[in-house]
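**Student:**
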Amino acid sequence: MISEKYKLISVIIPCFNSGKTIKRTINSVKNQSWDKKEIILVNDGSNDIETLKILNSFKNDSLVKLINQKNKGLSAARNKGVNFSSGDYLFFLDSDDWIEENALEELFFNIQNERKCSYVFMDCFLEGKSKGRRKKIFNLFEQMFINQIPYSIFIPRKVFIEHGFYDENMNLGYEDWELNIRLASRNVFGKSISKPLFHYNVSDSGMLISKSIRNHIKIWKYIKFKNKNFYKFKNIVNVFYKWRIEESNYPLILVFIWYLMLNYLPEFLMLRTFLFFRKIKFFLKKLI
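Start counting the sequence shown at 3; every next residue gets the next number (my numbering).
1) When the Cα atoms are used, what is the spatial distance from ALA78 to PRO16?
2) Assuming GLY83 and VAL44 are in contact, meaning their beta carbons sit under 8 Å apart, how far apart are those beta carbons, in whole angstroms?
3) Take ARG136 and list the residues in its own chain whose beta-carbon comes closer than 7 Å to its own, dropping the five residues that flank it on each side.
4) Starting from VAL66, follow its DSSP beta bridges and name the residues at the other end.
5) Spatial neighbours of PHE18 within its chain, please: CB distance less than 7 Å, with the 5 preceding and 5 following residues excluded, ordered by chain position.
6) Applying the 10 Å Cβ sphere with the 16-neighbour rule, what's the burial state of PRO152?
7) What does ASN203 pair with, by DSSP beta-bridge criteria?
8) Buried or exposed: where does ILE11 fall if 16 or more other Cβ atoms within 10 Å of its Cβ makes it buried?
9) Report, in whole angstroms, the separation of the C-beta atoms of ILE163 and ARG80, which I expect to be a contact under 8 Å.
10) Helix, strand or coil for SER212? Go by DSSP, reduced to three states.
11) Going by CA-CA distance only, name the one from MET146, LYS193, TYR176 and GLN150 that's closest to ILE157.
12) With contact counted as at least three CB pairs below 8 Å, one residue from each stretch, are the segment 253-265 and the segment 134-149 in contact?
13) Below 8 Å on the Cβ atoms is my guess for ARG159 versus LEU92; work out the distance and round it to an integer in Å.
14) Return the residue from the list ILE101, ASN62, ILE51 and LYS22 that minimises the CA-CA distance to SER35.
15) What are the boundary residues of the beta strand (DSSP E) that GLY134 is part of?
16) Could you check whether the segment 115-123 touches the segment 183-192, counting it as contact only if at least three pairs of C-beta atoms, one from each stretch, sit closer than 8 Å?
17) Using the DSSP secondary-structure output, state which residues sit across from GLY17 in a beta bridge.
18) To the nearest angstrom, how far is the alpha carbon of ASN265 from that of SER64?
19) Under 7 Å between the Cβ atoms of PHE86 and ILE42?
20) Going along the chain, which residues of its own chain have a beta-carbon closer than 7 Å to the beta-carbon of LEU185, five neighbours each way excluded?
21) Measure the C-alpha to C-alpha separation of ASN29 and TYR202 and round it to an integer number of angstroms.
22) Which residue or residues does DSSP assign as beta-bridge partners of VAL122?
23) Do you know whose CA, among ILE183, THR53, THR23 and ASN182, lies nearest GLY130's CA?
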C-alpha cells in the first residue's frame, strides 16, 4: 500500500494570454482518474482582457491555486508554481496543451516501478500545425545534442528543488533541455512511458516555432557553456560508450557527426542545415 503522503500531485500550468485554450488544459487535469491533485495556475503577466476574465473565474476553485506575477517568462512562471506547490510530485503542463484522463495515474505508477530513473515522461500526439504521434526515448548521448524529451516531465518535487529549478535566463526556449542536461550531469535520468497520453499543440506563435528552433544552435552553445564539464570531450566519449547499445531516436553515429558539425561549422551554416533537415523530416512523415 502506498503511503498517503506520496499521493498528492501538483500540476504546474503557466499562462500568458492563453484565454482561448486554458479551459481545455485545466479541464484535462480536473478530469483525471487520479483524485489527489492540485493545479498551480501561474498568470505570467497576462494583459488580454478575455484571458484575465477566465483566470479570475478560477479564484474560488478549490482545486486551483491562482498565482499572479509580472511577465517574467516560462521558466520563472514554472519556478513560481513549484514554490507554491504542496505535492510530492510535480507535473508540468503548458496552457495550450492537454492530457488524457489517465495520464497522471500512469505517470505515478510508472515512476514507482523505476529504480534507475528519477523522472518519467510520455509519448505525445502533435496537434494544431503538425499532426501525428511522436515516440520519445531517453538516450543520454542523443539528448546532449538533440532535445528529445518533452517539457512535460513527472518528477519528485524534492528532486526538482534539489537540482536548481529552471534557468530563468533562458527566454528563447529549451529551458527544459538545459534542466534535463543538468539533471543528467548529476546522474538523474528520465525514462519514457510508451503511451501517447500527452497532446502537444504546435502553432506559429508557440515558443518552439517562433523562437526555439531558429535559435537552436545559440541555445545549445549556452547549454554547453553552462554545463562545460559535462561536455568535455572525454565525457562525451564515455557517454557514447555507455549509451551506444540503448534505444535511441536516431542512429548514434549520426548524432556524433552532428556534434562534430556543431563544433566546427559556422553558426549560420549550421542553422541552415538544421532547418533544411527538419523540413525534409516533416515532408517524409507526410508521405508515410
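All residues carry an ideal CB built from backbone N, CA and C; glycine is no exception.
**Tutor:** With the structure as the only source:
1) 9 Å
2) 5 Å
3) ASP125, CYS126 and LEU128
4) ILE41
5) ASP46, GLY47, SER48 and ASN73
6) By the neighbour-count definition (other C-beta atoms within 10 Å, threshold 16), PRO152 is a buried residue.
7) GLU129
8) buried
9) Wrong, their Cβ atoms sit about 12 Å apart, outside the cutoff.
10) Confidence in SER212 is poor, its pLDDT being 45 and thus under 50, which makes the residue's placement too unreliable to answer from.
11) LYS193
12) yes
13) 5 Å
14) ILE101
15) 134-136
16) yes
17) Looking at the sequence itself, residue 17 is Cys, so the reference to Gly does not match. For CYS17, which the question treats as bridged, DSSP gives the partners ASN45.
18) 51 Å
19) yes
20) HIS165
21) Approximately 15 Å, taken between the alpha carbons.
22) PHE156 and LYS193
23) Checking every option, the nearest Cα to that of GLY130 belongs to THR23.
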